[in-house]
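Notes for the one structure printed next.
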Amino acid sequence: MNGKIVRLERGDPKTAKIYEKFGDPLQTAKKWQADGAKKLHIIDLDAALGLGDNRSVIGKIAQRVNLSLQVGGGIRSFRDVEQLLESNIDQVILGSLPFHDSSALIRIIQRFGSDAIIVALDNKNGKVMIEGWKSQASMEIIESINKFLSMGIHNFLITSIARDGTLSGPDIGTLEEINSNLDLNIIAAGGIGKLEDLISLKRIGVHGVVIGKALYEGKFTLREALKKLGEK
853 MNGKIVRLER GDPKTAKIYE KFGDPLQTAK KWQADGAKKL HIIDLDAALG LGDNRSVIGK
913 IAQRVNLSLQ VGGGIRSFRD VEQLLESNID QVILGSLPFH DSSALIRIIQ RFGSDAIIVA
973 LDNKNGKVMI EGWKSQASME IIESINKFLS MGIHNFLITS IARDGTLSGP DIGTLEEINS
1033 NLDLNIIAAG GIGKLEDLIS LKRIGVHGVV IGKALYEGKF TLREALKKLG EK
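Numbers given in our numbering equal positions in the sequence shown, counted from 1, plus 852.
In structure tokens:
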């Protein structure tokens, strides 16, 4: 947001907290790479909220770090996806577009393949929120997943809105129910606040985890997280 690293609580821009302890976004990306990260998850909050974008900042990161990048926020058209995926971005995170424009989603899949796509399902009591969490999608979360699975999508970013930015622990119940009944790759987000949360998510078999505020608040380090997850 405004070229800075920002975390929100439950998606509310009024709760924005700026983190500069590791430098600017590029310096911070290099720090995560040095600490052992292989992937970097970037959400352009300004673009998501319709307040401009941070594409130039994201472009610098893509050019200067050796990390797999997944980028979301304000990606509303085939052209947006094309520009990102042709600029060293490995995966795009799509929130509103899949619900509003199925034909564009099909074109994206046909052109770039389903591996390049992550569908974001922002969960609020089983309902999927879109448009920067301001409106409710017409389908509930399970129905949404089944629809996108039938289209060939298999990567899903599932965020618990109620827990986002709270460090209060992930929504294990919902994630476990979805993961045990459907064949998909879940990237879990929202609420991760301690190393034990990562073990709980590993136990239920999620594909990946987004860790944000916990790292910036010093609840644990990335090196500690990677070591913990590497233990038998």
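Even for Gly, the Cβ is constructed at its ideal location relative to N, Cα and C.
(message) Can you list, in chain order, the residues of its chain with a C-beta nearer than 7 Å to that of residue 1077? Leave out the 5 residues immediately preceding and following it.
(response) Counting from 1 along the sequence shown, the entry for residue 1077 is found at position 225. Excluding residues up to 5 positions away in sequence, 1047, 1050, 1063 lie with their Cβ nearer than 7 Å to the Cβ of residue 1077 in the same chain.
(request) For the segment 922 to 933 and the segment 866 to 879, state whether three or more C-beta atom pairs, one from each stretch, are separated by less than 8 Å. (result) Contact check between the segment 922 to 933 and the segment 866 to 879: fewer than three CB pairs, one atom from each, fall below 8 Å, which does not count as touching.
(request) Just the C-alpha distance for residue 1022 and residue 1015, rounded to the nearest angstrom, thanks. (result) In the sequence shown, the residue the question calls residue 1022 occupies position 170. In the sequence shown, the residue the question calls residue 1015 occupies position 163. Straight through space, the alpha carbons of residue 1015 and residue 1022 are spaced by roughly 7 Å.
(request) Measure from the alpha carbon of residue 909 to the alpha carbon of each residue in 886, 880, 884, 1067, then state which is nearest. (result) Position 57 of the sequence shown, counted from the start, is the residue given in the question as residue 909. Closest option to residue 909, Cα to Cα, is 880.
(message) Once DSSP output is grouped into helix, strand and coil, what is the label at residue 1076?
(response) Reading the sequence shown from its first residue, position 224 is the one you call residue 1076. Residue 1076 falls in the helix class under three-state DSSP.
(request) Identify every run of the beta strand (DSSP E) within the segment 1008 to 1072, keeping only runs that are complete inside it and at least 3 residues long; order them along the chain. (result) The qualifying runs are 1037 to 1041.
(message) By the DSSP assignment, the beta strand (DSSP E) with residue 977 in it spans what residues?
(response) As a working note, residue 977 is residue 125 in the sequence shown. Residue 977 -> no beta strand (DSSP E), and no H or E assigned at all.
(message) When you compare the CB positions of residue 1001 and residue 884, do they come within less than 9 Å of one another, or not?
(response) The sequence position of residue 1001 within the sequence shown is 149, counting from 1. The sequence position of residue 884 within the sequence shown is 32, counting from 1. Not in contact: residue 1001 and residue 884 (Cβ atoms no closer than 9 Å).
(request) Report the three-state DSSP secondary structure of residue 861 (helix, strand or coil). (result) Here residue 861 corresponds to residue number 9 of the sequence shown, with the count starting at 1. Residue 861 falls in the strand class under three-state DSSP.
(request) Starting from the N-terminal side, write out each stretch of the alpha helix (DSSP H) that is 4 residues or longer and does not extend beyond the segment 876 to 956. (result) As far as the segment 876 to 956 is concerned, its whole alpha helix (DSSP H) runs of at least 4 residues are 877 to 886, 897 to 900, 907 to 916, 930 to 937, 949 to 952.
(message) At the level of alpha carbons, what is the spacing between residue 917 and residue 967?
(response) Within the sequence shown, numbered from 1, the residue matching residue 917 stands at position 65. Within the sequence shown, numbered from 1, the residue matching residue 967 stands at position 115. In a straight line, the C-alpha of residue 917 is about 21 Å away from that of residue 967.
(request) Inspect the beta-carbon positions of residue 1005 and residue 969 and report whether they are closer than 9 Å. (result) The sequence position of residue 1005 within the sequence shown is 153, counting from 1. The sequence position of residue 969 within the sequence shown is 117, counting from 1. Going by beta carbons, residue 1005 and residue 969 fall inside the 9 Å limit.
(message) Can you give me the C-alpha to C-alpha distance between residue 1082 and residue 1061, rounded to a whole angstrom?
(response) Your numbering for residue 1082 matches position 230 in the sequence shown. Your numbering for residue 1061 matches position 209 in the sequence shown. If I take the Cα positions, the gap works out to 14 Å.
(message) Considering only their Cβ atoms, is the gap separating residue 1044 from residue 1036 smaller than 9 Å?
(response) Along the sequence shown, one-based indexing puts residue 1036 at 184. Along the sequence shown, one-based indexing puts residue 1044 at 192. Result no, Cβ atoms of residue 1036 and residue 1044 do not sit closer than 9 Å.
(request) Have a look at the DSSP bridge pairing and note the partners of residue 983. (result) In the sequence shown, the residue the question calls residue 983 occupies position 131. Looking at the DSSP assignment, residue 983 forms no beta bridge with any residue, so it has no partner.
(message) Only counting the same chain, and skipping five residues up and downstream in sequence, which positions put a Cβ closer than 6 Å to that of residue 989?
(response) To locate residue 989, count along the sequence shown from 1; it is residue 137. Result list for residue 989: 951, 980, 982, in chain order.
(request) Going by CA-CA distance only, name the one from 863, 1080, 1053, 961 that's closest to residue 901. (result) Taking the sequence shown and counting its residues from 1, one reaches residue 901 at position 49. Checking every option, the nearest Cα to that of residue 901 belongs to 863.
(request) Inspect the beta-carbon positions of residue 829 and residue 935 and report whether they are closer than 9 Å. (result) Outside the displayed range of the chain (853 to 1084) lies residue 829, so it cannot be described from this structure.
(message) How far does the alpha helix (DSSP H) with residue 854 in it extend, from its first residue to its last?
(response) Taking the first residue of the sequence shown as position 1, residue 854 is located at position 2. It is not in any alpha helix (DSSP H) - residue 854 carries neither H nor E in the DSSP assignment.
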